[in-house]
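For reference, the structure discussed in these notes is given below.
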Amino acid sequence: MQLEVTLDKSKTYVANRVGELTDFANPLTYSLISKIFGYRGPYRKVLSKFGVGNYQDSRDYLVYVYGRIYSDLAVESNIILEPSMFELTLEGRNVVNSVIPAFRATPKQWAHFTQKFFKELHVFLKPQSFIKQAANAYEEFSATLARTISVGHINTKDFLAQYEHIVFISYLHGLFHQYNNAHKIRTFTDDLTRYVHESDVLISGTDAYMETKFSHWRFEIGYSAIEKYDFSGAQIPWHLEFPQVNAPESLKVEAYLQCLRNNLRFKTQVMLYFLNKYCVNLASKHCFENYDLLTLNELETMTDDYVPLLAAQTADRKIYEAKDKRALLPDIINNGDIGFSIEGEHLQDAASTAAWYKGISCSPGTITGHVQYITDPSQSVQSPIAMFPNASTEFTKHFREARGLVFKTGSPLAHGAIVARELKVPAIILDVDPKYLISKNVTLDGDKGILYIVNEL
-18 MQLEVTLDKS
-8 KTYVANRVGE
2 LTDFANPLTY
12 SLISKIFGYR
22 GPYRKVLSKF
32 GVGNYQDSRD
42 YLVYVYGRIY
52 SDLAVESNII
62 LEPSMFELTL
72 EGRNVVNSVI
82 PAFRATPKQW
92 AHFTQKFFKE
102 LHVFLKPQSF
112 IKQAANAYEE
122 FSATLARTIS
132 VGHINTKDFL
142 AQYEHIVFIS
152 YLHGLFHQYN
162 NAHKIRTFTD
172 DLTRYVHESD
182 VLISGTDAYM
192 ETKFSHWRFE
202 IGYSAIEKYD
212 FSGAQIPWHL
222 EFPQVNAPES
232 LKVEAYLQCL
242 RNNLRFKTQV
252 MLYFLNKYCV
262 NLASKHCFEN
272 YDLLTLNELE
282 TMTDDYVPLL
292 AAQTADRKIY
302 EAKDKRALLP
312 DIINNGDIGF
322 SIEGEHLQDA
332 ASTAAWYKGI
342 SCSPGTITGH
352 VQYITDPSQS
362 VQSPIAMFPN
372 ASTEFTKHFR
382 EARGLVFKTG
392 SPLAHGAIVA
402 RELKVPAIIL
412 DVDPKYLISK
422 NVTLDGDKGI
432 LYIVNEL
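Counting along the sequence shown from 1, when you hit position 81 you're at 62 in our numbering, and nothing is skipped either side.
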């Protein structure tokens, strides 16, 4: 894993390729994500059980550029999709998953494709068997979390082992989600939300707790300020009961898996806190302060003799990371050209000569208009873009009325962010004083997580 890379001018690098984990990260967070998606990591390991990807390929496809995570698109396609006759291509600014034409496929790809087909067919022929496996995975993760809370920390190896359960449940959910979409079983985008509201911890009332206690644990921010909260004594539902799903039979499996997946995402944020405690303990042994600028491997192999070298490395990385603070990095890098603009100069489109604010992307899409700041649920939405103090459930009706959403606090897994994605409404998290926005015409870019100031009203 390299933290500073020389980009190959013949390749294409694309951001937003690690699911909902993060887009921006510090070195410590990036090293964890590299382990999740890298060689022998939980992501590839679970996918290989479904006939997806080449588990034996030792290459990594993620790269770290000034604090942002990119994928080498050709390598990702080669490792994950091409073995089973699919490939990733870039159409405009969108990454498309397409089937490799039969005449181009090799015999090995045909064999792999056939294996994948029958493995997925087995899932649909015996869904209850896989539902049971998902339930067992959920139980094991929950039991491990209970032990982790008791002990007070979890090491990297054990965390990655538990992450396999999230990948397994997420992949199963994806299969049934695609099946229901393909057969037009689901007719409304909020069907599942309606049926699982009481069981899905990410879209129920528990979400409000997440926002007040977990928002600073987002991967985007990395691991910092753990002294603020002592989660070990917090009264939150560590041991959630199995979700009871009141949905039509045709949607029940997908809805159930969505509950398991989202509830594990919630529990993962808790587990990350204790992984961070493990990192703090390692750094404290050697009185090392800037441990967020180390990788997990460096932290776990640190010795007193090694500390001066690591201190010099982190000083260099701090300078490298600082470039991200004043850089607008593109979503796609071609010809090795990062092409970012400094101090907000030379920005594209409506904000070419305007100020801008960098937030966190929650839901893709773009909308231009003026901003209304809503602090009371009794207020009505009267502007194209609505800004809220948080993304909690009390503002749900407003999320459906606005054409663009800005949350002052929250996370990509908060209630408002999830609803925005379901409704396909552009949304970002942006911690900025509303007084700088309400008198201006703005462009909200949900893909980049940026809000551009177009002009004064």
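Where a beta carbon is used, it is the ideal one built from N, C-alpha and C, also for glycine.
C-beta atoms of residue i and residue j nearer than 8 Å
| i | j | result |
| --- | --- | --- |
| Val27 | Tyr42 | no |
| Trp337 | Tyr433 | yes |
| Ile81 | Glu101 | no |
| Ile419 | Gly340 | no |
| Lys258 | Ser123 | no |
| Pro23 | Val132 | no |
| Ile14 | Tyr144 | no |
| Ile150 | Arg242 | yes |
| Val76 | Leu54 | yes |
| Ser65 | Gln90 | yes |
| Arg25 | Gly34 | yes |
| Leu404 | Tyr47 | no |
| Asn(-3) | Asp312 | yes |
| Leu290 | Phe269 | no |
| Leu153 | Phe111 | yes |
| Glu121 | His103 | no |
| Phe140 | Val234 | no |
| Leu232 | Asn161 | yes |
| Arg49 | Phe105 | no |
Closer than 8 Å to chain D by CB, residue i
| i | result |
| --- | --- |
| Phe84 | Among the chains in the structure shown there is no chain D, since it carries only a single protein chain. |
Sheet register partners of residue i (DSSP bridge)
| i | result |
| --- | --- |
| Ile81 | In DSSP, Ile81 forms no bridge with anything. |
| Glu72 | Asn75 |
| Tyr337 | According to the sequence displayed, residue 337 carries Trp and not Tyr. Paired residues: Tyr433. |
| Arg49 | Phe5 and Val46 |
| Tyr354 | Met368 |
| Ala408 | Ser344 and Leu386 |
| Asp426 | Thr347 and Ile431 |
| Phe67 | Val80 |
Close Cβ partners of residue i (< 7 Å) along its chain, the five nearest in sequence each way excluded
| i | result |
| --- | --- |
| Gly186 | For Gly186, the predicted model reports a pLDDT of 39, less than 50, meaning its position is unreliable and no value from the coordinates is stated. |
| Ser364 | Gly350, His351, Val352 and Gln353 |
| Lys138 | none |
| Glu208 | Confidence in Glu208 is poor, its pLDDT being 35 and thus under 50, which makes the residue's placement too unreliable to answer from. |
| Thr70 | Val77 and Ser79 |
| Thr129 | Ile135, Met252 and Phe255 |
| Thr(-13) | none |
| Lys(-10) | Asn316 and Gly317 |
| Leu126 | Trp219, Lys248, Val251 and Met252 |
| Pro415 | Tyr354 and Met368 |
Own chain, CB closer than 6 Å to residue i, minus 5 neighbours either side, in chain order
| i | result |
| --- | --- |
| Asn315 | Thr(-7) |
| Leu425 | Ile348, Ile366, Gly385, Pro407 and Leu432 |
| Gln294 | none |
| Val413 | Tyr338 |
| Ser29 | Tyr36 |
Closest Cα partner of residue i within the set the options
| i | options | result |
| --- | --- | --- |
| Gly317 | Gly19, Pro415, Met252 and Tyr51 | Tyr51 |
| Ile135 | Gln294, Ala118, Phe255 and Gly155 | Phe255 |
| Tyr36 | Arg21, Tyr47 and Gly155 | Arg21 |
| Lys266 | Asn117, His158, Tyr287 and Phe105 | Tyr287 |
| Asp273 | Met252, Ala296, Leu245 and Asp285 | Ala296 |
| Asn117 | Leu9, Phe105, Leu245 and Tyr11 | Leu245 |
| Ser344 | Tyr152, Lys429 and Val362 | Lys429 |
| Asn371 | Val104, Pro393 and Ala264 | Pro393 |
| Thr284 | Leu106, Asp414 and Leu263 | Leu263 |
| Asn422 | Phe5, Gln109, Tyr11 and Val435 | Val435 |
| Cys240 | Leu411, Thr282 and Gly155 | Gly155 |
| Gly73 | Gln109, Val(-5), Ala115 and Pro88 | Val(-5) |
Rounded Cβ spacing between residue i and residue j (contact assumed at less than 8 Å)
| i | j | result |
| --- | --- | --- |
| Phe380 | Ala401 | 6 Å |
| Ile300 | Ser342 | Rounded, the Cβ-Cβ distance is 26 Å, inconsistent with contact. |
| Phe376 | Ile355 | 7 Å |
| Gly346 | Gly397 | Incorrect: roughly 15 Å between the Cβ atoms, too far for contact. |
Close Cβ partners of residue i (< 8 Å) along its chain, the five nearest in sequence each way excluded
| i | result |
| --- | --- |
| Lys97 | Phe31, Gly32, Val33 and Ser65 |
| Leu9 | Gly203, Tyr204, Cys260, Tyr272, Asp273, Leu274, Leu275, Thr276, Leu277 and Leu280 |
| Ile60 | Arg25, Gly34, Asn35, Asp38, Arg40 and Tyr42 |
| Val362 | Gln353, Ile355, His379, Glu382 and Ala383 |
| Gly19 | Met(-18), Arg25, Asp41 and Leu43 |
Contact test: residue i Cβ vs the ligand FAD heavy atom, cutoff 7 Å
| i | result |
| --- | --- |
| Ile355 | In the structure shown, the ligand FAD is absent, as is every other ligand, since no ligand is present at all. |
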